[in-house]
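> Below you'll find the structure I mean.
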Amino acid sequence: MPLPRRRSSFLGQPASVSAADRVGSASGVGRVGAGITAAPRGVFVGMAPTGGASSLGTRVSRRALGISSVFLQGLRSSTVPALPQPGERGHHQPTFDSLNGCLLEYRDKVRALEQLNQQLEEQIRHCLDRKASSAGNWGALRQDWEEIYRQVSEAILDNARLMLQTENVQASAEDFKDRYENEQPFRKAVEEEINSLYKVIDDANLTKMDLEAQIESMKAELEDLARNYEEDVKVLYNQLADRQVDEPDAPIETSLDQILGYIRSHWERAIERNRAETDAYLEFKQVDSLNSKLSREEEELESLKTECSDAGCKIQSLQAETESMRALKRGLENSLNDAKHWHDIELQNLGSVIGKLEAELADVRGDIEQQRRDYETLLGNKMRLELEIGTYHGILDGEESRYQPVTWSESTADGEVRPAPTSSAPNSATQPEEGSNPPNHQQKEN
């Protein structure tokens, strides 16, 4: 980095005073009253830091130069001093002698300061040469820095992308968690309905088993009745088949009255027997008809019971189907409401995400615009500083070319090395003070 160079005034003189006039004012006695208008306040040699002494130079005060206050007071005068009258020359002769002595002493000290200035310039030249040699590696370092900057930018983008994916995954996990928590009551309700349906199925199975047992008992009763009926019919057939007609024995007596009485009694017994059989048969027929009537009524009763049980089963099945349809309807309605709810939640989440992204996009655009304005401002400052630095270098090179030229390397801010002439004049103590840089140059360094 080049040392800042500043064109400072010598002994409080303005910059417009030429170097020849300044040399002439310090080289002889005859030029003392030749129009010196500025009062010398001090000499700056090298660079003097703000906080303390510097290794490159020191500030030489008027006491160090041995300049008396009388001489300084004469130099501060803005008018041409009046020449003494011939009669007064002897009275003012000691004053001019002391003034000549001060000027000679001042000239010797100026020569010493010139030698010190040359030494300081040599040190500065060696320092700048070392800096210029070390500044040659800025190209590779700049490439490495650009590569690292690009990698850091890519890492920042990857980090932002991963953060966005992480937020999306967390939002999805929270949505699934909320959905799971909201589904728990519906799950419990469905489980309760399923348990109630299981109970209904168990009751229906028990009723079915009871009805099957009743049917089996009725079938067994019908078989018993049919078997008893067949046995009764067989008994009656056997009774009819075993019936025999009693033939009367021939009477032994031959008397007509005895024979007629025997025949009369025989037929009376036959009639009584037939009447008894007829009565028994009629009674059996009546019992059979009653049994047949009872069996038909029982069959009708059984058929009615069967129809009632079938109707009850159908009613229960229809009730179960109705309950299942109602449960299905409630489940579908709950699913529809849940879907609408989650749809609204998703829309709200998407709206919030879109709002956040739009806000971030607006912030990014604002940052880009601010960076663009800052870049334009910095570019303008850079161009203005380059123009001012070029102007300063031109002024310094023009002023220093009048003195002994000394060539030394100066490293510019962009890494280039260019020659710059320096001066070893007595008042070339225009080396800039450290901490007294121009404002524009300080802005560029920042």
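My numbering runs 43 ahead of the 1-based position in the sequence shown. Built from N, CA and C at the ideal position, the CB exists for glycine as well.
1) Buried or exposed: which applies to ASN492, given that a residue is buried once 16 or more other Cβ atoms fall within 10 Å of its Cβ?
2) Just to confirm before moving on: does the CB-CB distance between ASN392 and ASP187 stay below 9 Å?
3) How would you call ALA214, buried or exposed, if buried means at least 16 neighbouring beta carbons within 10 angstroms?
4) Find out if the Cβ-Cβ distance for the pair CYS351, ALA247 is shorter than 9 Å.
5) With a threshold of 7 Å on Cβ separation, who are the neighbours of ALA313 within its own chain once the five nearest residues in sequence on each side are excluded?
6) For LEU265 versus PHE327, is the C-beta distance shorter than 9 Å?
7) What's the gap between the Cα of GLN359 and the Cα of LYS348?
8) Are the Cβ atoms of PHE229 and ASP387 separated by less than 9 Å?
9) Kindly list the residues whose CB is nearer than 7 Å to the CB of GLU235, restricted to its own chain and excluding five residues on each side of it in sequence; keep chain order.
10) Please check the pair VAL233 and ALA363, which I expect to be a contact at CB under 8 Å, by giving their CB distance rounded to whole angstroms.
11) Alpha carbon to alpha carbon, how far is ARG373 from GLN257?
12) Applying the 10 Å Cβ sphere with the 16-neighbour rule, what's the burial state of LEU200?
13) Taking a contact to mean a Cβ-Cβ separation below 9 Å, would you say VAL240 touches SER346 in this structure?
14) I'd like the list of long-range same chain contacts for GLU165, defined as Cβ closer than 6 Å, with 5 residues on each side in sequence excluded.
15) To the nearest angstrom, report how far apart LEU249 and ASP353 are at their CA atoms.
16) To which residues of the same chain is GLU226 closer than 8 Å at the C-beta, ignoring the five residues directly before and after it?
17) Rounded to the nearest angstrom, what separates ARG222 and TRP385 at their Cα positions?
18) Helix, strand or coil for SER239? Go by DSSP, reduced to three states.
19) Which same chain residues end up closer than 7 Å to GLY433 when comparing Cβ atoms and leaving out the 5 residues on each side of it in sequence?
20) For LEU171, does the count of other Cβ atoms within 10 angstroms reach 16, so buried, or fall short, so exposed?
21) Could you tell me the distance, in whole angstroms, from the CA atom of GLY441 to the CA atom of TYR418?
22) Around the C-beta of LEU430, are 16 or more other C-beta atoms found within 10 angstroms, so that it is buried, or is it exposed?
23) Around the C-beta of GLU343, are 16 or more other C-beta atoms found within 10 angstroms, so that it is buried, or is it exposed?
24) According to DSSP, is SER444 helix, strand or coil?
25) Roughly how many angstroms lie between the CA atoms of GLY409 and GLU401, to the nearest whole one?
26) How would you call LEU156, buried or exposed, if buried means at least 16 neighbouring beta carbons within 10 angstroms?
Straight from the coordinates:
1) Outside the modelled stretch of the chain, which goes from 44 to 489, sits residue 492, for which no answer is possible.
2) For the purposes of this step, residue 392 is taken as the residue at position 349 of the sequence shown. For the purposes of this step, residue 187 is taken as the residue at position 144 of the sequence shown. Against a cut-off of 9 Å, the Cβ pair of ASP187 and ASN392 comes out as no contact.
3) On the sequence shown, residue 214 is found 171 positions in, with the first residue counted as 1. Flag for ALA214 reads exposed.
4) As a first step, residue 351 is located in the sequence shown; it is residue number 308 there, counting from the start. As a first step, residue 247 is located in the sequence shown; it is residue number 204 there, counting from the start. Cβ atoms of CYS351 and ALA247: not closer than 9 Å.
5) Residue 313 sits at position 270 when you count from the first residue of the sequence shown. Same-chain partners within the cutoff: there are none.
6) Stepping through the sequence shown from its first residue, residue 265 is reached at position 222. Stepping through the sequence shown from its first residue, residue 327 is reached at position 284. Not in contact: LEU265 and PHE327 (Cβ atoms no closer than 9 Å).
7) Taking the sequence shown and counting its residues from 1, one reaches residue 359 at position 316. Taking the sequence shown and counting its residues from 1, one reaches residue 348 at position 305. Spanning the two alpha carbons is a distance of roughly 16 Å.
8) Numbered from 1 along the sequence shown, position 186 holds the residue referred to as residue 229. Numbered from 1 along the sequence shown, position 344 holds the residue referred to as residue 387. Taking the C-beta atoms as reference points, ASP387 is found no nearer than 9 Å to PHE229.
9) In the sequence shown, counting from the first residue as 1, residue 235 sits at position 192. Around GLU235: no qualifying Cβ.
10) Here residue 233 is taken as the residue at index 190 of the sequence shown, counted from 1. Here residue 363 is taken as the residue at index 320 of the sequence shown, counted from 1. About 16 Å; that fails the 8 Å criterion.
11) Mapped onto the sequence shown, residue 373 falls at position 330. Mapped onto the sequence shown, residue 257 falls at position 214. The alpha-carbon atoms of ARG373 and GLN257 are separated by roughly 39 Å.
12) Here the question's residue 200 lines up with position 157 in the sequence shown. The residue in question, LEU200, is exposed, as its Cβ has fewer than 16 Cβ neighbours within 10 Å.
13) Against the sequence shown, residue 240 aligns to sequence position 197. Against the sequence shown, residue 346 aligns to sequence position 303. First, the residue type needs correcting, since residue 240 is Leu and not Val in the sequence shown. The criterion of a C-beta distance shorter than 9 Å is not satisfied by LEU240 and SER346.
14) Locating residue 165 in the sequence shown gives position 122, where the first residue counts as 1. Cβ within range, chain order: n/a, list empty.
15) As a working note, residue 249 is residue 206 in the sequence shown. As a working note, residue 353 is residue 310 in the sequence shown. Cα to Cα, the separation comes out at about 15 Å.
16) Looking up residue 226 in the sequence shown gives position 183. Setting aside the 5 residues that flank it on each side, GLU226 is surrounded in the same chain by ASP381, each with a C-beta closer than 8 Å to its C-beta; the list follows chain order.
17) In the sequence shown, counting from the first residue as 1, residue 222 sits at position 179. In the sequence shown, counting from the first residue as 1, residue 385 sits at position 342. Computed Cα separation, rounded: 8 Å.
18) On the sequence shown, position 196 is the one that residue 239 refers to. In the structure shown, SER239 sits in a helix (DSSP, three-state: H, G or I).
19) For this step, residue 433 is matched to residue 390 along the sequence shown. Hits under 7 Å: none found.
20) Here residue 171 refers to the residue found at position 128 when the sequence shown is read from its first residue. The residue in question, LEU171, is buried, as its Cβ has 16 or more Cβ neighbours within 10 Å.
21) Walking along the sequence shown from the start, residue 441 turns up at place 398. Walking along the sequence shown from the start, residue 418 turns up at place 375. One C-alpha to the other measures close to 34 Å.
22) The residue given as residue 430 occupies position 387 in the sequence shown. Burial call: exposed.
23) Within the sequence shown, residue 343 is the residue found at index 300, counting from 1. Note on GLU343: under 16 other CB atoms within 10 angstroms of its CB, so exposed under the neighbour-count rule.
24) What you label residue 444 is simply residue 401 of the sequence shown in a count that begins at 1. DSSP places SER444 in coil when its eight states are reduced to three.
25) Numbered from its first residue, the sequence shown carries residue 409 at position 366. Numbered from its first residue, the sequence shown carries residue 401 at position 358. So the two alpha carbons sit approximately 12 Å from each other.
26) Taking the first residue of the sequence shown as 1, we reach residue 156 at position 113. With 16 or more other Cβ atoms within 10 Å, it is buried.
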